[in-house]
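*Asks:* So that we are looking at the same thing, I have put the structure below in structure tokens.
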Amino acid sequence: MSSVPLPPELWLIVFQRVAQAHSHRMDAGRLRSRRSTNHMLSKCALVCRSWAALAQDALFRHVQLGTHVLEGEIGTTLDSLHRLLEVLGRQTALNTAVRSLHVGIGLETKVGDIGLDYVRHGTLSQLMHLVSLCPQIEHLNLLVGACLPNEMFALDAVAPLLSITALDIGNEYDGAICDQFSLRPPPLAVAHCIIRATASSLVTLRVCLYADDEIFEDLPEFPCLREVACLLDNHDAGTSTTSSLRAALRNHAPVLCRAEVGRLDIDVISALPSTITHLILHTSLGAEALPGFLSRFPNMQRLEVHAGNSSSLRKLLASVPSTLQSITVPNFALWSMADAEALENELHRLLDLQSLTIIRASPAADFVTPCIDARIFIVDEFDPRQPTSSQPSP
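Going by my numbering, the first residue of the sequence shown is number 5, and it counts up by one from there.
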């Protein structure tokens, strides 16, 4: 290291920049592959021991494990999981480097693009062991997969996760594959237990849970979210939970301020605490099930609705608090002049409103721009990072 003119602190910045330029996370299953997005960074770690220590800190800061396998590999990520557990079990310096973990549990069935029916990930117990080895972890991104008929997740393995401030949790799955292989769909109780375990420290919550009516109709222990407006004291998977989702989030999530909720997660929406200031909804169609629920967030400043129609959007906005400063709506809610005028009427009472963002499905999408005293931005659905055009309202 003496032949290198830069001090270690600057080299660490260099390695972190390389990591950011190459997907910003370590994929433990592909690290040694030349196709790995971290291949350049992993080569840096092989230059010398001094470089290795600095590069590994950047490599392990964002760990991605159990989200996919390469084409031609066997359908499991367990080998990568076991290797990671082994490494973290003996290298304490790496343990404290991990800040973000992307992992899957159970059987992932959304993998048809690589010619596999499903991919086996780790268990809930292994996940808790992995998280326990990372005392500085702040962000957990968890995919809850399906179960084999004779296997279920051990909910008693879930312990409080007090360091996590950001939680992304979902259970996206392929109902046809579950039916073909007699797999049990992801139990909602797993997601609820993880949410409860992280509630006291959560600042950001992103939930994307789905229930398939056709799959669930013969499984009463897995209730459909469409039919459950208040799934609060749940007993799904045959396991009684001692505290409800509502009690965990409303009473024990004092710093939760940002939540992103999927299309059918009415139970999660109903449990959100009043501290929410930024809410992202992937539909407004559930507004009928929870009339006036936005009034429970008196300090809300930003609302994003990414799907729905003009009727459901109006019902949703009827209860939005006057503190709202920014709102995002889909162009589907502004097909006609009547739609635009209806939105105008709802927004005119929001005296603090500063901006309206319209998400258009395509550059050629038709919609009517409402006339309001706020700045209007138009962004494309698949590239929302920068407005494609913006204009002040007349």
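All C-beta atoms in this analysis are idealised placements derived from N, C-alpha and C, irrespective of residue type, glycine included.
So who's on the other strand from I362, going by DSSP bridges?
*Replies:* Taking the sequence shown and counting its residues from 1, the one referred to as residue 362 is at position 358. Paired residue(s): V333, I382.
*Asks:* CB-CB under 7 Å to L85, same chain, minus the five flanking residues each way: which ones, in chain order?
*Replies:* Looking up residue 85 in the sequence shown gives position 81. These residues qualify, in order along the chain: L69, G70, G126, Q130.
*Asks:* Please determine, among E155, L206, R188, the residue with the shortest C-alpha to C-alpha distance to L165.
*Replies:* Position 161 of the sequence shown, counting from 1, holds the residue named residue 165. The residue with the shortest Cα to Cα distance from L165 is L206.
*Asks:* Check N145 in the structure and name its three-state DSSP category.
*Replies:* Numbered from its first residue, the sequence shown carries residue 145 at position 141. If DSSP states are grouped into helix, strand and coil, N145 belongs with the strands.
*Asks:* Let me make sure I understand the geometry here. Which of H310, L354, T327 has the alpha-carbon closest to that of I362?
*Replies:* Taking the first residue of the sequence shown as 1, we reach residue 362 at position 358. The shortest Cα separation from I362 among H310, L354, T327 belongs to H310.
*Asks:* Pairing CB atoms from the stretch 138 to 155 with CB atoms from the stretch 173 to 182, are three or more of them under 8 Å?
*Replies:* With the cut-off at 8 Å, the stretch 138 to 155 and the stretch 173 to 182 touch.
*Asks:* Can you give me the C-alpha to C-alpha distance between D343 and G312, rounded to a whole angstrom?
*Replies:* Translated into the one-based positions of the sequence shown, residue 343 becomes position 339. Translated into the one-based positions of the sequence shown, residue 312 becomes position 308. The straight-line gap from Cα to Cα measures roughly 13 Å.
*Asks:* Run the CB neighbour count on P224, radius 10 Å, all protein chains shown included, and call it buried at 16 or more, exposed below.
*Replies:* For the purposes of this step, residue 224 is identified with residue 220 of the sequence shown, where counting begins at 1. With a pLDDT of only 37 at P224, under the threshold of 50, the placement of this residue in the model should not be trusted; the figure read from the coordinates follows. The residue in question, P224, is exposed, as its Cβ has fewer than 16 Cβ neighbours within 10 Å.
*Asks:* Would T96 be called buried (16 or more neighbouring beta carbons within 10 Å of its own) or exposed?
*Replies:* As a working note, residue 96 is residue 92 in the sequence shown. By the 10 Å Cβ count, T96 comes out exposed.
*Asks:* Among A163, V135, T80, which has the Cα closest to the Cα of V123?
*Replies:* For this step, residue 123 is matched to residue 119 along the sequence shown. The option with the nearest alpha carbon to V123 is T80.
*Asks:* Give me the DSSP bridge partner(s) of I284.
*Replies:* Numbered from its first residue, the sequence shown carries residue 284 at position 280. Bridge partners of I284: E264, E308.
*Asks:* The beta strand (DSSP E) with V102 in it runs from where to where?
*Replies:* Numbered from its first residue, the sequence shown carries residue 102 at position 98. Counting along the chain, V102 falls outside any beta strand (DSSP E), and DSSP gives it neither H nor E.
*Asks:* Classify C182: buried if its beta carbon has 16 or more other beta carbons within 10 angstroms, exposed otherwise.
*Replies:* Along the sequence shown, read from residue 1 onward, the residue named residue 182 stands at position 178. When all chains shown are included, C182 counts as buried.
*Asks:* Could you pull the start and end residues of the beta strand (DSSP E) that R210 belongs to?
*Replies:* As a working mapping, residue 210 is identified with position 206 in the sequence shown. Note, R210: beta strand (DSSP E), 208 to 212.
*Asks:* So is C261 buried or exposed if we call it buried at 16+ other beta carbons inside 10 Å?
*Replies:* In the sequence shown, counting from the first residue as 1, residue 261 sits at position 257. C261 is buried by the Cβ-count criterion.
*Asks:* Quick check on the burial criterion: 16 or more other C-beta atoms within 10 angstroms. Buried or exposed for L355?
*Replies:* For the purposes of this step, residue 355 is taken as the residue at position 351 of the sequence shown. So L355 ends up on the exposed side.
*Asks:* Could you pull the start and end residues of the beta strand (DSSP E) that T196 belongs to?
*Replies:* Locating residue 196 in the sequence shown gives position 192, counting from the first residue. The sequence given here has His at residue 196, not Thr. Segment 192 to 202 is the alpha helix (DSSP H) holding H196; no beta strand (DSSP E) there.
*Asks:* Might you give, ordered along the chain, the residues of its own chain that have their beta carbon closer than 7 Å to the beta carbon of R21, omitting 5 neighbours on each side?
*Replies:* Numbered from its first residue, the sequence shown carries residue 21 at position 17. Same-chain partners within the cutoff: there are none.
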